[in-house]
Every structure is written in structure tokens, then in C-alpha cells.
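So the protein lines, in turn, are chains A and B. The end of the first sequence is residue 358 by the working numbering, with every number in the run present. The end of the second sequence is residue 1358 by the working numbering, with every number in the run present. The C-beta atom is built at its ideal place from N, Cα and C for all residues, glycine as well.
There are 2 protein chains.
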Amino acid sequence: MKNEDEPKDKRLKPGDAQKLTMAEVAKYVGVSAMTVSRAFRQDASVSEETRKRIMEAVDALGYVLDLSAGSLSSRRSGFIAALVPSINNSNFSDTARGITDALQNTGLQLLLGYTDYSAEKEEELIEAMLRRRPEGIILTGGSHTARARRMLAKAGIPVVETWELPENPINQVVGFSNGEAMALLVRTLAGQGYRKFGYIGGTTARDTRGSQRRSGFQKTVEELGLGPGRMISFGVPPITMEQGGQAIVSLLERWPDTEVVLCVSDLSAFGAIMECTRRGMKVPRDIAIAGFGDYEISSICHPRITTINVDCYGIGRQAAARLLDALHTGNSTGDEITLTGYKVVLRESTDRNGAPSA
Amino acid sequence: MKNEDEPKDKRLKPGDAQKLTMAEVAKYVGVSAMTVSRAFRQDASVSEETRKRIMEAVDALGYVLDLSAGSLSSRRSGFIAALVPSINNSNFSDTARGITDALQNTGLQLLLGYTDYSAEKEEELIEAMLRRRPEGIILTGGSHTARARRMLAKAGIPVVETWELPENPINQVVGFSNGEAMALLVRTLAGQGYRKFGYIGGTTARDTRGSQRRSGFQKTVEELGLGPGRMISFGVPPITMEQGGQAIVSLLERWPDTEVVLCVSDLSAFGAIMECTRRGMKVPRDIAIAGFGDYEISSICHPRITTINVDCYGIGRQAAARLLDALHTGNSTGDEITLTGYKVVLRESTDRNGAPSA
DNA sequence: CGACAGGATGATATCGATAACAATTTGAAG
DNA sequence: CTTCAAATTGTTATCGATATCATCCTGTCG
């Protein structure tokens, strides 16, 4: 018989912690292990009285269920994986929170990874995740390596791509067109009379959403007959606040008469605005600046930043909801596309009447 | 005997995806399952030639290792758990990144959870995590429910508490004294001649680090003979940028002659500064404002914000390093305290000479 | 030439729960 | 008093990998 007390030896080997098993709880209560197992789930048929006795024993002994054993047997790992480009970006962490909230009371847990905007890192993470047999997986964007696609196809679990509308969706999609959203912003500002448009974004195509916004900008500026846009590329995505400040300096050196500058995100827009302020330029009097993403900062800072509001949290909730649907109906081949909303939020940083609150 | 082919039926049940097992790979190659298992690990003794054949087969068949089975057998789950108050706060996501980076090439994965600054939610998460048998756990702060403490003690895995110096450490600690750090900031500013100190923080004690900063402020202001501090409590932690703006309004209504205001975090300091700017007050000419945490925004915005720089990333790296040490030596009872650095960063928002860059 | 060390591989039991089915009990209806 | 359905509980096999020990093979050295 094992001794119930802590061993004298305080040394700890990875394996020997928490030796308590379900069978020992069962013996303690005087039932079978199967009954203990049932007591842990609400659906199972165990008499209230037995369950109470078991739960008291669990408490007394300090037993903690071992899901890794259970998931092997039930073939249900009990979690879903989500990969986001950066954990340090409140847009994506809002999405993560949406997923977590949608998973409440489903018995599913979120396993989060971040790819640093790299498809190679994404591939590695997908493999690492699949080794733990998630019941579904949520990805950001539609750009994946060939091997990643193969692994996902083989895994046979529902996949949801988010935050954009991929050309070749793997499975389900919850997102919006970044190009269209940026185009809408261009059209709105053009409608206010702006003519000379500049754009600030990162240097590479790693950030596919950034690239889509950029081409949405360029295409629309040309469609409206406003000549080729004045584009500055600066820094490796994700472009920081500081890089936004440096980029606007380059842009204004090259095209001093620019009237309005659109930025790939609010963060770079904020950096740009602060740099202008620091150099004695007034926004929007001397130059108008807009962002993308409607981060908290944009409604707080001075001047407040015109931007595209994206339903980040909703993307997370809906992605998780689609996944739960697929798991519930057992249908993983429904290649549905769920469009999420976005809207232009006009604020002080592009106001035609100069600083309105001053 | 099982049928090797995919079923005709495209419907997907949780269990029947990815039917491929190690044994099937083994049969395909003409070796035993054990040899395949060895091929997946670098230490094991398998001839290079056999390993190569196995890996080719793995590629060809699209086999993905199943860690949940392996961890049951080896009694090593292969991950460590970390709980942070909020995923949406760049200080904590820097810590998470530090942990992830330190875990590179250790074969350990990070399982992240967030507690929303609630000890009850933390307790739930700890239980959820322990059910997956993490090899170690990293917590934020030293405030836990009694049951959480019991579960952790019973689990017999190394625990690292971070971001503060708990009075009753469970095991290891990696952090700093939030009270001392705030005290240092008060003393520094008092040394510059400031006399009438205000403070902005959240309303409840949920955020223990916030409470420690608050009492560090109060104690130091009194020690310096600067009378009781002017304290405004506003909003439930984590206090937002917007609440920072509202709080400064209350504070100035009540104590219009306040010279300098310290905020529980840079985010509320930023909100306060923007609100002042919007109301036509100049920072620091009319009032000086400082924050805590040295968020990216504080070195970018105008005026730049005086703050305490905390080694968030280093906290994560060191916490993970301590955990790896403990796992390696097998000693979980080393109740060591690792102090991490912090420093005052003086910037424009508290400059005695008014706006220096203008 | 025999013996033995050491590398490579295989066979079997096992990790700790759950699925599937069997057995038992209880209670209501006939 | 039987009978049968429903509720409750137990038994056994199993999930897919790995620990452990056994076996086989090769080459070297006295």
C-alpha cells in the first residue's frame, strides 16, 4: 500500500508528483473507478448521493483529474488551438479574448501561439499544436506554407481562417476584406475634399493584411484619378509607433504637399501624429493623418485619430462559434465565409475645419 | 482488423480524424513501433540510416506524433502553465514572450491563461491547468485563494510567482517591490522640487501590484513630510486610458493646486495627459504627470511620459529559467527570490523647465 | 578463434482515464 | 407475485505512445 503522506524526501522528479489516481479515490469511497469518472461529468448517470460522497473524497484527498489520460481514451483533447501574429497587439488579443469567451462552458480550452508574422514559424506552431490533437484550429490570415496546408488537411479537424478573406480558403473563414476597408477610408476622405494621398506601411509582404490594405489604397487612389499614391515603406511588420514617426518624416521630405496620410495601423498613425506635433506641425491643420484598427489609443489621444473600426472581439467569438458548430454537426467541410463588420470612424485627425475642439 | 482506408462518409467525428498511428508507420517501414518512437528523439540510439527511412515514411504518410499518448506513458506533459492578469496589456505580454523565448528548444510549450485580475478566476484556471499536468507553473503576484495554494502544494511542481515580492512565497519568486519602485519615483520627483503630490489608481484591491504602488506612494509622501497624498480612486482595475482622463478631472476639481500626479500605470497617465491637453492645460507647465511601466506609448507621445521602467521581458525569461533549473535539478523547494531591475525614466511630462522641446 | 562490449532493435507491460457492454437494483404496472 | 423498463454501478478492453528489459549483431582484442 502506498503511503498517503508526503514523502520525507523533498526532492522532486517530474513523474512522481501527484501520484493520486482515480482508482485510489474509488477505493477510498468504495466504488469503482468508472463511477468516479462519471461523477466528474454532469451528464453521466450517478446518483446524487454517490456523487456527493465522491466529491467529498476528492476534496479530502486533493485529487485533481488527469485530462491527459482521459483524452487518450476518449479521443478528445479538450482544447482548440489559435495562432495569432503577435500577442502584443491589442487587436489580436481582443480576438483571443473573443475566442476564450465563446469557449466558456464548452469544456474546451484555448491553446494560444504566436507566429511573429512568419509563415515558417506558423508552420512549426501548427505542427506543435497538431501533436496535441486539438479539436479545431483558428488561424490568422490565409497565407500558409504548403506543408502547413498538407498537415491541416490531413488532421481532419475544422480550420477557421480569420481577419481576411483568403483566395483559397482551407475550410471556414471569419473576416473582412482589408483592401475594401482601406478603399472605403480613401473614398470617404476623398469625399471630404482631400486630393493628395500618402500611405505608410511596412516594407515586406510578411503582413498579408498590411499588403492588402496597401493595394486597396493604391487601387482606389488611382480609380479616383488622384494620381499614384505617395507610398512610404518603413520597417519590418509589425511597424511600431516609432517607425510611424520616422516614416512620416521621409514622406514629407519627399512629398511636402501631401494633404492626408493613411497608415497601415493606428499605432504607426499615432507615432506619425506625435512626430508632427513635436516638429511644430498641427494635425489636421497642416496635415491630416488616419490609421486602421481603432485601437484604444485613437479615441483618447489628442487629436483623436480617424480610423477603421474592426470587430476584433467579434472575429474571435464568431470564429470560435463556427468551430463549435462544425464540431457539433460533425461537418468540417462547410466552406462558409462569415463576413465581419468594419466602419469608418471619423475623428479630429482628419477634420477639414482644423482642430475642432480647440 | 481495422480498415486502413478512409471511410466513404465525409462526416467527421471528433475521434476519427488522423487515424495514423506510430505502429502503422512502423509496419510501413518494416521496423517496430519502438524504433519509430526513438527516431523522433535526438538522444535515442537509432542508426542514422533507419532514422532517415523512418522520417521519409513519416513525411510520405503525413504522420504527426501524438504527444498526448506519449505524455501519459512518459509522465511528462511537455508544457508549463503561466497565468497573467490580462492578455491585453503589453507589460504582461512582454513577460509571456520572455517565457516563450526561454522555453525555445527545451521541448516545453507554454500554456497561457488570463485571470482578469481575479483570484477566483485564477483558482479556476489553476485547476484547469493542473488537470493537464504541467511540469511547472508561473503565476503573477502572490495573492491566491486558499484552495489554489492547496492545489499547488499538492501538485508537487515548481511554482514561480512573478512581478512582485509576496509575503508568503509558495516557492520561487522573480520580481521586484512595486512599493519601493513607486517610492523611488516619489523621492526622485520630490528631489526636483515637487511638493504637492497626487495619485491616481483603481478602486479595489484586486490589483495587488496597484495597491502596493499606492501604499508605496502614500508612505513616502508622508515620510517626506509632504502631508497626506491626494489620492483619487477611479474604476475597477485595470484602469483604462479613459478612466485616467476622468480621474485627473476629479483630482483637479478637489485639489486644484496639485503639482504632480503619479498614476498606477502609463496607460492612465497617458489618458490623464491627453485630457489635460484637451482642456487647454499644458503638461508639465501647468501640471506634471508620471506613469508606471514604461509602455511603448510613453516614449512616443507628446509630451513623453516620466515613468518607472520594469524589465517585463526579463521577468518572463528569468521565471522560465528558474523553472527549468528546478526541473533540471529536481529541486522544487529552493525558495529563492530573484530580484529584477527597475529604474526611473525621467521625461518631458515632469520636466521642471516646462516643455523642453518646444 | 573465442569472448565480450556496446550499438541497434524488438517484445511486453504500462501510464490513467473512458467506451462499451454487462450486471444489478429499484420501482411501477399488470 | 411477476415482469419489465429505467436507473445505477461494475468489468474489461482500449486509447497510442514509452519505459524497461531482452535480444541480436558487429567488431575488436587478447
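Looking from the CA of E56(A), the closest CA among A26(A), T306(A) and L67(A) belongs to A26(A). Taking a cut-off of 8 Å for Cβ pairs, the region 209-219 of chain A and the region 246-253 of chain A do not touch, as fewer than three such pairs fall below it. Apart from the 5 residues on each side of it in sequence, I99(A) sits with its Cβ closer than 6 Å to the Cβ of A82, L110, G316 and A320 in its chain, given in chain order. DSSP, read as helix, strand or coil, puts R1053(B) in helix. In terms of Cα proximity to E1049(B), the closest of L1067(B), A1060(B), G1062(B) and V1029(B) is V1029(B). Spanning the alpha carbons of D1311(B) and I239(A) requires a straight line of approximately 22 Å. Judged by their CB atoms, V221(A) and V186(A) are nearer to each other than the 8 Å cut-off. Non-local beta-carbon contacts of G1245(B) in its own chain, meaning distances under 7 Å to residues more than five positions away in sequence, involve G1271, A1272, M1274 and E1275 in chain order. According to DSSP, residue pairing for C1263(B) in a beta bridge involves I1200(B). It is roughly 44 Å from the alpha-carbon of A96(A) to the alpha-carbon of G1191(B). Annotated three-state conformation of S215(A) is helix, per DSSP. Excluding the 5 residues flanking it on each side, A288(A) has same chain C-beta neighbours closer than 6 Å at V260 and T350, in chain order. Non-local C-beta neighbours of G1107(B) in its own chain, meaning closer than 8 Å and more than five positions away in sequence, comprise G1078, ordered along the chain.
P158(A) counts as buried, since no fewer than 16 other beta carbons sit within 10 angstroms of its beta carbon. Secondary structure of R1149(B) (DSSP, three-state): helix. For chain B, none of the residues of the region 25-51 of chain A brings a beta carbon within less than 8 Å of one of its beta carbons.
For N309(A), the secondary structure class from DSSP, reduced to helix, strand or coil, is strand.
For the options E124(A), L112(A) and T338(A), the alpha carbon positioned closest to that of I137(A) is the one of L112(A).
A distance below 6 Å between beta-carbons, with the five flanking residues on each side excluded, links L1139(B) to the following residues of its chain, in chain order: L1083 and E1161.
When C-beta distances to chain A are compared with 9 Å, the residues of the region 1314-1326 of chain B below that value are A1326, in chain order. For a cut-off of 8 Å, the C-beta gap from V174(A) to T204(A) is around 26 Å, too long to register as a contact.
At a cut-off of 8 Å between beta-carbon atoms, C301(A) makes contact with chain B.
Take the alpha-carbon of T306(A) and the one of M1022(B): they are about 55 Å apart.
For D94(A), the neighbours in chain B by C-beta distance under 8 Å run, in chain order, N1088. Chain-order list of chain A residues neighbouring A1069(B): L72, by C-beta distance under 8 Å.
Nearest in C-alpha terms to L1184(B), of all of A1148(B), K1343(B) and P1169(B), is K1343(B). DSSP places E161(A) in the uninterrupted beta strand (DSSP E) bounded by V159 to T162. By alpha-carbon distance to D1294(B), the top candidate from Q1212(B), D1094(B), S1074(B) and D1257(B) is D1094(B). For A1096(B), the three-state secondary structure derived from DSSP is helix. Under the three-state reduction of DSSP output, M231(A) falls in the strand class. Unbroken beta strand (DSSP E) stretches of 3 residues or longer found wholly inside the region 1273-1322 of chain B: 1288-1290 and 1307-1310, given in chain order. Around the C-beta of S47(A), fewer than 16 other C-beta atoms lie within 10 Å, and the residue is accordingly described as exposed. Interface criterion met: the Cβ of G1062(B) is under 8 Å from a Cβ in chain A.
Per DSSP, I1248(B) is one residue of the alpha helix (DSSP H) stretching across M1241 to R1254.
By the neighbour-count definition (other C-beta atoms within 10 Å, threshold 16), D43(A) is an exposed residue. Of the residues assessed, P256(A) falls on the exposed side of the cut-off, its CB having fewer than 16 other CB atoms within 10 angstroms.
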